[in-house]
């Protein structure tokens, strides 16, 4: 790819923003943090964004080597991501992702758990995002300027993700408790549908290759 670094950086930003979809993550995040305080919710958003950044940078730098070394395909990641998403959607469908009465340690554990998975992985840093950063890193052709542009673009997208997630609480607050329960179940169905798509899109190429 002969694009100059700035143009390549814009390409990276648009690609990653589309794949990561910060706006689409708002309902899920809002439903899962509705019972947390503003500060606790902010900690979840920050930890999820940082987790996703670390994971995506890691795969951008080492992804192709690791995939080749262990014989792992992106389709395998899609299947695993689909399973995780389906479990999360099932829990949401039963409105079981919000806390009721938790002591301080339980709140801390809850924050740490949901920030890493399913929010950080695979909601933000999902199979599509991982595959995208690996492809984009390959497109840099080893040029340092383009690699820096990719890192800046990824950081900008995840900064927007963090800011959007903070704003999700306003939407949840307007809906109220009953509205949140309804939203949680609706999002559970949507997340389960996404999970099926992940799973099928990962399984289809594997089945076709066996014919």
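Residue numbers (our numbering): 1087 to 1297.
Note that the Cβ used here is the ideal one computed from N, Cα and C, for glycine as well.
For clarity, every value in this text was computed on a predicted model and none was experimentally measured.
- Note that the segment 1213–1231 touches the segment 1156–1164; at least 3 beta-carbon pairs, one per stretch, sit closer than 8 Å.
- In terms of Cβ geometry, residue 1248 and residue 1146 do not form a close pair [threshold 9 Å].
- Here residue 1278 is not near residue 1113, since their CB atoms are 9 Å or more apart.
- For residue 1209, no alpha helix (DSSP H) encloses it, and the DSSP letter there is neither H nor E.
- Three or more beta-carbon pairs drawn from the segment 1126–1144 and the segment 1194–1205 are found closer than 8 Å, and the two stretches are therefore classed as touching.
- Looking only at 1140, 1178 and 1094, the smallest Cα-Cα distance to residue 1276 is reached by 1178.
- Secondary structure note for residue 1214: its alpha helix (DSSP H) is the uninterrupted segment 1213–1225.
- By the neighbour-count definition (other C-beta atoms within 10 Å, threshold 16), residue 1237 is a buried residue.
- Taken through DSSP and simplified to helix, strand or coil, residue 1295 comes out as helix.
- Between residue 1282 and residue 1168, the beta carbon gap of about 7 Å places them in contact (Cβ cut-off 8 Å).
- The criterion of a C-beta distance shorter than 9 Å is satisfied by residue 1284 and residue 1171.
- Just measuring C-alpha positions, the residue of 1270, 1109, 1289 and 1288 sitting nearest residue 1180 is 1270.
- About 7 Å separates the Cβ atoms of residue 1222 and residue 1101, confirming a contact at the 8 Å cut-off.
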